[in-house]
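See below for the structure under consideration.
Number of protein chains: 2
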Amino acid sequence: MFEQIQRLSIIGVGLIGGSLAKALRAKGGVGEIVGCSRREEHLQQAVDLGVIDRYTTDPIQAVAGADVVVVAVPLGSVEALFAAIAPTLAENTLITDVGSAKTGVVEAARRQLGVHCSRFVPGHPIAGAEKSGVSAARDDLFLGRRVIVTPVAETDAQALTRISRMWQLTGAEVVAMDMEHHDRVLAATSHLPHLLAYTLVDQLANMQTHDEIFRFAAGGFRDFTRIASSDPVMWRDICVSNREAILEMLKAFETHLSGLRQALEAQDAAALQSLFSAAKQARDAYAQASGE
Amino acid sequence: MFEQIQRLSIIGVGLIGGSLAKALRAKGGVGEIVGCSRREEHLQQAVDLGVIDRYTTDPIQAVAGADVVVVAVPLGSVEALFAAIAPTLAENTLITDVGSAKTGVVEAARRQLGVHCSRFVPGHPIAGAEKSGVSAARDDLFLGRRVIVTPVAETDAQALTRISRMWQLTGAEVVAMDMEHHDRVLAATSHLPHLLAYTLVDQLANMQTHDEIFRFAAGGFRDFTRIASSDPVMWRDICVSNREAILEMLKAFETHLSGLRQALEAQDAAALQSLFSAAKQARDAYAQASGE
Chain A
649 MFEQIQRLSI IGVGLIGGSL AKALRAKGGV GEIVGCSRRE EHLQQAVDLG
699 VIDRYTTDPI QAVAGADVVV VAVPLGSVEA LFAAIAPTLA ENTLITDVGS
749 AKTGVVEAAR RQLGVHCSRF VPGHPIAGAE KSGVSAARDD LFLGRRVIVT
799 PVAETDAQAL TRISRMWQLT GAEVVAMDME HHDRVLAATS HLPHLLAYTL
849 VDQLANMQTH DEIFRFAAGG FRDFTRIASS DPVMWRDICV SNREAILEML
899 KAFETHLSGL RQALEAQDAA ALQSLFSAAK QARDAYAQAS GE
Chain B
649 MFEQIQRLSI IGVGLIGGSL AKALRAKGGV GEIVGCSRRE EHLQQAVDLG
699 VIDRYTTDPI QAVAGADVVV VAVPLGSVEA LFAAIAPTLA ENTLITDVGS
749 AKTGVVEAAR RQLGVHCSRF VPGHPIAGAE KSGVSAARDD LFLGRRVIVT
799 PVAETDAQAL TRISRMWQLT GAEVVAMDME HHDRVLAATS HLPHLLAYTL
849 VDQLANMQTH DEIFRFAAGG FRDFTRIASS DPVMWRDICV SNREAILEML
899 KAFETHLSGL RQALEAQDAA ALQSLFSAAK QARDAYAQAS GE
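So the protein sequences, as listed, match chains A and B.
Residues 649 to 940 (this note's numbering) are what the first sequence spells out, left to right.
Residues 649 to 940 (this note's numbering) are what the second sequence spells out, left to right.
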């Protein structure tokens, strides 16, 4: 049984924050939802869509009297937000976030949240889309998805339990993970693929015959490059925040790709087939395991 | 009005050859369809599925009396196939192929087909899937898709027209293109993305924690890596056949990716955002143009 959140404060009412608000509302898990963002027109839109009850552009007002504060701003804005709300946070307010990289967020929390750090539960819902903004929010965005929480030494056990239950109420499976491990796993499966897709599309867009090139692209290209439509600011922030882990994966990729190029230069058909076969086997196993 | 093909010979009855057979049959564009492959069980399956009328494992028998021969074998087998059928080809038989790289096929045709080379029309339907085999064949696989033909100096105009009309009957749009240009365009939009997807999946599969890594992969990863389930032999052959153009694109990609890595190492957030924004703009324009 989930004890209702009397007042939920969502800082950053975009796809993720908005979908969480909708999901909790649909399940009766929340009383009042207060939204906070920089741009008033987005907040008014969120009210019009019934995603939030009321709004303020002032983070201090937004967190006043909140049971739970969800920080869903771009990673580059998290530390300033922590700094802004820390002085007025109530002693019973839980804080969580939804950032795609955790180590940087935890370091920012330690620097800025002071005594409130024990009630900060770092979180990351593995959901989202190329779409962004509150108009894309859906109450089933987290249904059947995983939410990773990365508690650290100072994290309060009760805070962790309550935030985990909040996510479970949306239909998500909550998994706890070491934060450095989270950052490496996400660098491999999400951050690096985004960088590769952005790089490829940018390369083709800069070719002389780019109109024709895109014209003859097939379904495989569409799927492969879809993530290059993701929000540039969000991905800039992820890169900066998770720089070390991304660089590690990126360098490993460059080494692998260089090996493939050398096999191609050497016309080593057997090496090419062997690499492709191993990859196909792994991808097919993943498809089966994930019920694709 | 399409003049019916009395006898169509499909050499290589897989996804593409099988789908062409089904599409032409559905439109009444063909009388008898003869299938030829190396493995008899695949051919029997094609008969059982109603894709072909009869079969032989002997290419010479397969092309006997055929109006049109469609060569749909892996690129690495095309030249040997040309060599096998050339001595017995009738003077009115048209030959076409479906290979994903054209220069190598044309060179093989020039070496092997002799006087029949004028009736060889190089073709490439931009359709397909990670799936392969005749069981995946569909009569609407080419509907609304593009088929590129790359006629060369010696190509007979009537042969080109007839093969083009054959593809149009399947619902495809037929576009003529210079063969070297075709090979560069496809290297950029299809061959390079396949190599990147194969490389990434292979890299992750070789990591110690690969089970967990795949477990926390999200939808973006699924889309990005779907093409890594493609047939390894087919892609080995494409790499060997279109080696020069692929290497050109691959080297350009390595340069671009190295630039991105340097921006990340330098924590140059502005450069990252600029690259991501340019890529998103190009990808969004492509999505709009392609009606995605």
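All C-beta atoms in this analysis are idealised placements derived from N, C-alpha and C, irrespective of residue type, glycine included.
Neighbour list for residue i in chain B, Cβ cutoff strictly below 8 Å
i                 : result
MET855 of chain A : ALA836
SER925 of chain A : PRO880
LEU852 of chain A : ALA836, THR837, ALA930
LEU844 of chain A : LEU844, LEU848, PHE872, LEU905
For residue j and residue i, believed in contact at Cβ under 8 Å, the rounded distance
i                 : j                 : result
ILE774 of chain A : ARG793 of chain A : 6 Å
ILE743 of chain B : ARG759 of chain B : Contact flag wrong, Cβ pair sits at about 14 Å.
THR736 of chain B : VAL717 of chain B : With 8 Å as the limit, THR736 of chain B and VAL717 of chain B do not qualify as a contact, their Cβ atoms being about 11 Å apart.
LEU923 of chain B : LEU908 of chain B : 6 Å
SER838 of chain B : PHE869 of chain A : 6 Å
VAL699 of chain A : ALA820 of chain A : With 8 Å as the limit, VAL699 of chain A and ALA820 of chain A do not qualify as a contact, their Cβ atoms being about 18 Å apart.
ALA914 of chain A : ARG832 of chain A : Incorrect: roughly 32 Å between the Cβ atoms, too far for contact.
SER667 of chain A : LEU848 of chain A : Not a contact, Cβ separation roughly 29 Å.
HIS764 of chain B : ALA734 of chain B : 6 Å
Residues that residue i contacts on chain B, provided the C-beta gap is smaller than 9 Å
i                 : result
ARG767 of chain A : Under the 9 Å cutoff, chain B gives no residues; its nearest Cβ is about 26 Å from ARG767 of chain A.
LYS750 of chain A : Per Cβ cutoff of 9 Å: no residues; LYS750 of chain A is ~13 Å from chain B at best.
GLU913 of chain A : ARG891, LEU895
VAL726 of chain A : Residues of chain B passing the Cβ test: none, with the nearest at roughly 15 Å.
Beta-carbon neighbours of residue i, restricted to chain A and to distances below 7 Å
i                 : result
PRO841 of chain B : LEU848, GLY868, PHE869, PHE872
ARG794 of chain B : PHE864
SER877 of chain B : LYS928, ARG931, ASP932, ALA935
ILE774 of chain B : PHE864, ALA866
LEU920 of chain B : ARG884, CYS887
ALA671 of chain B : Ordered by position in chain A, no residue passes the 7 Å Cβ test against ALA671 of chain B, which lies about 17 Å from the chain.
ALA917 of chain B : ARG884, VAL888
Same chain, Cβ closer than 7 Å to residue i, neighbours up to 5 away in sequence not counted
i                 : result
ARG813 of chain B : PHE650
VAL822 of chain B : VAL795, VAL797, SER812, TRP815, GLN816
HIS842 of chain B : ILE875, SER878, TRP883
VAL721 of chain A : ILE659, GLY660, LEU729
SER780 of chain B : GLY662, LEU663, ASP879
Proximal residues to residue i (C-beta, below 6 Å), its chain only, five neighbours per side dropped
i                 : result
MET897 of chain B : ALA835, ALA836, LEU840
ALA807 of chain B : LEU742, ARG767, VAL769
LEU920 of chain B : ALA911
ASP701 of chain B : GLU680, ILE681
Pick from the options that is closest to residue i, judged by C-alpha positions
i                 : options                                : result
VAL719 of chain A : A:ARG687, A:VAL753, A:PHE864           : A:VAL753
GLN692 of chain A : A:GLN654, A:ALA714, A:ASP715, A:GLY662 : A:GLY662
ILE796 of chain A : A:ARG891, A:GLY665, A:HIS830, A:SER906 : A:HIS830
ALA930 of chain B : A:GLU892, A:ALA930, A:TYR846           : A:TYR846
ALA989 of chain A : A:GLU689, A:CYS684, A:VAL695, A:ALA749 : As displayed, chain A neither begins before 649 nor continues past 940, which places residue 989 of chain A out of reach and without an answer.
GLY724 of chain B : B:ALA935, B:PRO880, B:LYS928, B:ALA937 : B:PRO880
PHE730 of chain B : B:ALA669, B:MET827, B:THR705, B:GLY762 : B:GLY762
GLY939 of chain B : A:LEU852, A:ARG863, A:SER783           : A:ARG863
SER748 of chain A : B:SER657, B:ALA866, B:LYS670, B:ILE653 : B:ALA866
LEU844 of chain A : B:PHE790, B:VAL678, B:ALA927           : B:ALA927
GLU689 of chain B : B:VAL782, B:MET825, B:LEU656, B:HIS772 : B:VAL782
LYS750 of chain B : B:LEU789, B:GLU739, B:VAL726           : B:VAL726
ALA945 of chain B : A:ALA738, A:ILE708, A:ALA714, A:ASP885 : Because chain B spans 649 through 940 in this model, residue 945 of chain B falls outside it and cannot be assessed.
ASP787 of chain B : B:VAL711, B:ARG891, B:ALA674, B:ASP696 : B:ALA674
ALA935 of chain B : A:PHE872, A:TYR934, A:TYR703           : A:PHE872
VAL671 of chain A : A:ASP696, A:PRO707, A:LEU791, A:THR803 : For clarity, residue 671 of chain A is Ala in the given sequence; the question names Val instead. Of the candidates A:ASP696, A:PRO707, A:LEU791, A:THR803, the one whose C-alpha sits nearest the C-alpha of ALA671 of chain A is A:LEU791.
ALA757 of chain A : A:ASP696, A:THR705, A:VAL695, A:THR803 : A:THR803
GLY665 of chain B : B:LYS899, B:THR818, B:THR903, B:ASP932 : B:THR818
GLU755 of chain A : A:LEU656, A:THR809, A:ASP932, A:ALA801 : A:ALA801
ARG655 of chain A : A:TYR703, A:ALA824, A:PHE901           : A:TYR703
ASN854 of chain B : A:HIS904, A:GLN856, A:MET825           : A:HIS904
Proximal residues of chain A, C-beta to C-beta of residue i below 8 Å
i                 : result
HIS690 of chain B : By Cβ distance, chain A contributes nothing, its closest Cβ being about 19 Å from HIS690 of chain B, past 8 Å.
ALA937 of chain B : PHE862, ARG863
GLU902 of chain B : GLU902, LEU905, SER906, ARG909
VAL833 of chain B : THR857, GLU860, ILE861, PHE864
Neighbour list for residue i in chain B, Cβ cutoff strictly below 7 Å
i                 : result
TRP883 of chain A : PHE924
GLN806 of chain A : Here the premise fails: no neighbours, minimum Cβ distance about 26 Å.
GLU940 of chain A : ARG870
Neighbourhood of residue i by C-beta, 8 Å cutoff - its chain only, sequence neighbours within 5 removed
i                 : result
GLN652 of chain B : GLY676, GLY677, VAL678, GLY679
LEU852 of chain A : HIS858, ILE861, PHE862
Residue i CB to nearest heavy atom of the ligand GTP below 6 Å
i                 : result
VAL719 of chain A : This structure lacks the ligand GTP, and indeed carries no ligand of any kind.
Partners in chain A for residue i, counting only beta-carbon separations shorter than 9 Å
i                 : result
LEU791 of chain B : Ordered by position in chain A, no residue passes the 9 Å Cβ test against LEU791 of chain B, which lies about 13 Å from the chain.
LEU898 of chain B : LEU905, LEU908, ARG909, LEU912
Exercise. Unbroken alpha helix (DSSP H) runs of length 4 or more, entirely within the stretch 652 to 700 of chain A: which are they?
Worked result: Here the runs fully enclosed are 663 to 674, 688 to 696.
For this session: Counting only runs of 3+ residues fully inside the stretch 721 to 784 of chain B, write out the beta strand (DSSP E) ranges in chain order.
Result: Here the runs fully enclosed are 742 to 745, 771 to 773.
Exercise. Which residue spans inside the stretch 786 to 843 of chain B form an unbroken beta strand (DSSP E) run of at least 3?
Worked result: Whole beta strand (DSSP E) segments, 3+ residues: 794 to 797, 821 to 824.
Exercise. Which ranges does the alpha helix (DSSP H) cover as unbroken runs of at least 4 residues, wholly within the stretch 853 to 906 of chain A, from first to last along the chain?
Worked result: Taking only runs of at least 4 residues, the alpha helix (DSSP H) segments lying wholly in the stretch 853 to 906 of chain A are 858 to 863, 867 to 873, 880 to 889.
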